[in-house]
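Asker: Got a structure for you, questions after.
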Amino acid sequence: MHNRKFGISTILLHGLLIIGSFIMAMPFIWMILSALKDMSQIFVIPPKWIPDPFVWSNFKDSLAALPFGRAYFNTIYISVIIVVSQLLTCSMAAYAFAKIKFRFRETIFIIFLATMMVPGQVTIIPLYLIMKEINWIDTHLALIVPAALFNAFGVFLLRQFFKSLPHELEEAAIVDGANRWKLYYGIMLPLIKPALGALAIFTFLGQWNNFFYPLIFLNSPDKFTVVLMLNLFRGLYITDWTLLMAGSAIAIVPVLIVYVIGQRYIIEGVTLTGIKG
Amino acid sequence: MNKRSVDNWWGYFFIFPQLVGLLFFSLIPLVGAFTLSMMKWDGFGEKDFIGFGNFIHQFADEEFIIALKNTVYFTMMVVPGGIFSALLVAVALNKVKGKVIYRLIYFAPGVTSTVAVSVVFLWLLNSDFGIINLYLEQWFGIEGPRWLIDTAYVMPSIAILSIWAGLGFNMVIFLAGLQGISTSYYEAAEIDGASHYRKFLHITIPLLSPTTFFIAIMSIIGSFQVFDQSFVLTSGGPAKASYTMVYHIYELAFVDFTFGRSTAAAVLLFIIILTFTLIQMYASKKWVHYGD
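Line order of the protein sequences matches chains L and F. If you read the first sequence in this note's numbering, its first letter stands for residue 24, the second for the next number, and so on. If you read the second sequence in this note's numbering, its first letter stands for residue 81, the second for the next number, and so on.
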């Protein structure tokens with residue numbers, strides 16, 4: 024009797040969770056299905072879910088309407104440079120803050136932490152003026168350089184991991200006369216690979232989805248990132264739903280693929296940083 | 081060189097790149113923002129020092145007040161709505177089989193671009209042919225609201241999108257919080273014959289309160305910075321009904337080119353966010369030993 028009741032409530036729970044999953048996934052499903060429809064099927068009442076025929080050329084037309092290929096290239100190369108640079112610069116700083124005693128270490132670290140409280144909208148205008156002064160407006164440098172050289176969150180995240188590594192790991196190497204670079208690069212860095220993975224994915228997603236900074240720093244469409252291009256596309260093809268949904272899919276699907284592959288890192292990363300605050 | 085000065089040298093060597101970044105892309109712009117917020121400046125010509133003139137102007141500026149009201153309204157929908165839905169899902173997921181698959185699906189909207197999902201919602205929420213209104217009509221016989229056209233519904237529309245997008249993040253934090261509650265509490269309650277509902281109300285909710293508080297503060301901070309959605313869905317309209325704080329900052333700077341006023345508005349936003357951040361920091365210090 025007790026078992027049966029348990030069975031029913033479990034089925035009920037799964038039923039609700041499946042309905043919830045459908046609600047969460049529905050915008051993506053509808054986006055893909057709409058992107059594959061013919062314009063004549065878009066305004067059918069009641070709505071038809073399955074495209075008939077499948078109009079794969081919508082994707083081709085979207086990609087041809089604006090230089091999305093170029094935008095892809097821009098976004099990928101900008102993101103990759105930023106990710107690689109951050110992995111190096113953040114882990115270096117994090118290692119020093121965790122393992123080396125140097126003057127004003129605590130003070131400088133607190134300043135790093137404090138900047139995490141400053142919303143980007145406060146510094147964006149002076150940053151814009153700096154970029155204007157050095158002629159970096161409408162160049163990718165305006166996006167790459169600040170992000171490559173500064174990520175307080177990344178420093179904080181990696182420092183937590185370095186701190187959790189016991190000092191004994193380094194001691195043997197110190198006795199052998201290894202210098203700090205060898206300790207950092209040869210011994211400690213390989214041990215925080217999961218954290219580096221989390222930071223890499225966070226940074227990549229953040230850059231791929233970034234809208235505010237590219238919107239302000241870039242003017243020429245051939246310099247645009249995917250998301251910025253999609254925004255331009257939206258303005259030009261406002262009622263052409265099949266093409267717009269194909270365009271959205273172009274921006275969303277690669278991210279979802281990265282997410283599915285790296286979901287463990289992402290979710291563990293959120294849990295870790297979320298709890299540590 | 082002795083060990084100490086060697087360590088000093090290495091320390092600064094390692095932090096050098098990020099230190100340069102901190103200086104040029106955070107501290108100098110921050111000082112610049114505070115300075116600029118006290119200047120009258122249109123991007124060209126001379127800057128005039130006007131003290132708190134820009135701030136006084138903002139409080140008298142109807143658009144700033146509208147932006148503030150809309151942002152607060154948005155926050156008041158997203159924070160309780162986001163917490164309630166995420167808590168519900170987290171409790172349901174906590175001990176269920178297939179948790180990983182469900183988690184994968186529920187978290188997915190959070191990793192996608194707000195611009196791209198806003199374009200999708202533009203189509204979902206279309207008053208005449210959007211799937212939401214079509215099914216409201218077909219299943220419930222309700223004539224759906226004119227989501228993005230009606231001034232009364234535009235902010236709720238953006239809130240729905242944001243709750244949907246943020247659910248996964250909040251859920252994951254809640255799940256971690258639930259893992260932290262010792263099973264001994266539930267076992268003791270079961271011996272006393274407590275129902276699921278009572279256990280939820282008298283054990284889960286109170287012991288989860290630091291997590292809930294953390295999520296609330298994070299959501300408030302995030303909600304005050306809402307921009308992408310109203311930019312893409314409605315361009316701040318109709319009739320400024322989705323005009324938010326960050327939208328206001330953006331317009332003052334990059335449409336009107338009143339940089340002084342824009343940074344003053346940004347500093348005000350900063351003060352609001354800072355207040356909530358400090359509350360969180362203060363409270364989390366008090367709560368460190370909550371579970372012991």
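Virtual Cβ for every residue (Gly too), placed ideally from N, Cα, C. Only a predicted model underlies this, so the values are computations on that prediction, with no experimental measurement involved.
Below 7 Å on C-beta distance, what does M54(L) contact in chain F?
Answerer: Residues of chain F passing the Cβ test: V200.
Asker: Pick out whichever of L192(L), V198(L) and W231(L) has its Cα sitting closest to the Cα of P213(L).
Answerer: With distances taken between Cα atoms, P213(L) lies closest to L192(L).
Asker: Closer than 7 Å, Cβ to any Cβ of chain L: which residues of the region 330-346 of chain F, in chain order?
Answerer: The residues in question are A333, F334, F339, S342, T343 and A346.
Asker: List the residues that DSSP assigns as beta-bridge partners of D208(F).
Answerer: D208(F) pairs with nothing; no bridge assigned.
Asker: Between the beta-carbon of M157(F) and the beta-carbon of M235(F), is there less than 9 Å?
Answerer: Result yes, Cβ atoms of M157(F) and M235(F) sit closer than 9 Å.
Asker: Pick out the complete alpha helix (DSSP H) segments inside the region 200-267 of chain F, 4 residues or longer, and give them in chain order.
Answerer: As far as the region 200-267 of chain F is concerned, its whole alpha helix (DSSP H) runs of at least 4 residues are 211-220 and 231-259.
Asker: Using the C-alpha atoms, what's the distance from L228(L) back to F311(F)?
Answerer: Going by the C-alpha atoms only, they are around 20 Å apart.
Asker: Where does M119(F) land, buried or exposed, given buried means 16+ other C-beta within 10 angstroms?
Answerer: The residue is buried, with at least 16 neighbouring Cβ atoms inside 10 Å.
Asker: Could you tell me the boundaries of the alpha helix (DSSP H) in which S102(L) lies?
Answerer: Taken as a continuous stretch (DSSP letters only), the alpha helix (DSSP H) holding S102(L) covers F91 to K122.
Asker: Tell me, please, whether the CB atom of I275(L) is closer than 9 Å to any CB atom in chain F?
Answerer: By this cut-off, I275(L) is an interface position.
Asker: Classify W121(F): buried if its beta carbon has 16 or more other beta carbons within 10 angstroms, exposed otherwise.
Answerer: Per the 10 Å Cβ criterion, buried.
Asker: Per DSSP, which one or two residues make a beta bridge with F247(L)?
Answerer: Looking at the DSSP assignment, F247(L) forms no beta bridge with any residue, so it has no partner.
Asker: Run through chain L and tell me which residues come within less than 8 Å of W227(F), C-beta to C-beta.
Answerer: Within 8 Å Cβ-Cβ: nothing; W227(F) doesn't reach chain L, min ~14 Å.
Asker: Could you check where the alpha helix (DSSP H) with I153(L) kicks off and where it finishes?
Answerer: Run containing I153(L): G143 to E156, per the alpha helix (DSSP H) assignment.
Asker: Which same chain residues, not among the five before or five after P225(F), have their C-beta less than 6 Å away from its C-beta?
Answerer: If we look at P225(F) and ignore the five residues flanking it on each side, its Cβ neighbours are Y233.
Asker: Quick one: is K299(L) buried, meaning 16 or more other Cβ sit within 10 Å of its Cβ, or exposed?
Answerer: Its pLDDT being 44, under 50, K299(L) is placed unreliably by the model, and the measurement read from it follows with that caveat. Exposed is the call here.
Asker: Take I55(L) and list the residues in its own chain whose beta-carbon comes closer than 7 Å to its own, dropping the five residues that flank it on each side.
Answerer: Excluding positions up to five away in sequence, the list reads A272.
Asker: Any beta carbon of chain L sitting closer than 9 Å to that of I301(F)?
Answerer: Yes, I301(F) lies at the interface with chain L (some Cβ there is under 9 Å from its Cβ).
Asker: Can you grab the Cα-Cα spacing for the pair V107(L) / G200(L), in whole Å?
Answerer: One C-alpha to the other measures close to 29 Å.
Asker: Name, please, each residue of chain F whose Cβ falls closer than 8 Å to the Cβ of I134(L).
Answerer: Here the neighbours are L102 and L107.
Asker: Distance, Cα to Cα, A48(L) vs P189(F)?
Answerer: Going by the C-alpha atoms only, they are around 8 Å apart.
Asker: Could you tell me which whole alpha helix (DSSP H) segments of length 4 or greater appear in the region 115-180 of chain F?
Answerer: Fully enclosed alpha helix (DSSP H) runs of 4 or longer: 133-140 and 142-173.
Asker: Please list the partners that N242(L) has in chain F, where partner means a Cβ-to-Cβ separation under 7 Å.
Answerer: Going along chain F, no residue has its Cβ under 7 Å from N242(L), so there is no contact; the nearest lies around 11 Å.
Asker: Distance, Cα to Cα, Q230(L) vs F104(F)?
Answerer: Cα-Cα distance, rounded: 20 Å.
Asker: Between which residues of its own chain and N134(F) is the CB-CB distance below 6 Å, once the five residues before and five after are set aside?
Answerer: Once the five neighbours on either side are set aside, the close Cβ partners of N134(F) are S117, G340, R341 and A344.
Asker: From R257(L) to V283(L), what distance separates their C-alpha atoms?
Answerer: Rounded to whole angstroms, R257(L) to V283(L) spans 27 Å at the Cα level.
Asker: Using the three-state DSSP reduction, which class does H313(L) fall into: helix, strand or coil?
Answerer: In the structure displayed, chain L extends from 24 to 300; residue 313(L) sits before or after that span and is not available.
Asker: So M115(L) contacts chain F; which residues on that side make the cut at Cβ distance below 9 Å?
Answerer: Within chain F, the residues near M115(L) are F93, F94, I95, F96, P97 and Q98.
Asker: Alpha carbon to alpha carbon, what distance is there between L167(F) and F280(F)?
Answerer: When rounded, the distance between both Cα atoms is 11 Å.
Asker: Find out if the Cβ-Cβ distance for the pair A113(F), I148(L) is shorter than 9 Å.
Answerer: Yes, these two residues count as a Cβ contact at 9 Å.
Asker: Taking C-beta to C-beta, are F173(L) and L184(F) nearer than 9 Å?
Answerer: No, these two residues do not count as a Cβ contact at 9 Å.
Asker: Does the beta-carbon of H328(F) have 16 or more other beta-carbons within 10 angstroms, so that it is buried, or is it exposed?
Answerer: Buried.
Asker: Quick one: which chain L residues come within Cβ less than 7 Å of P189(F)?
Answerer: By Cβ distance, chain L contributes M47.
Asker: Less than 9 Å between the C-beta atoms of F220(F) and F66(L), yes or no?
Answerer: Contact: no.
Asker: Determine, using beta carbons only, whether Q64(L) and P74(L) come nearer to each other than 9 Å.
Answerer: The answer is yes: Cβ separation under 9 Å.
Asker: Please state whether DSSP places F127(L) in a helix, a strand or coil.
Answerer: Correct three-state label for F127(L): coil.
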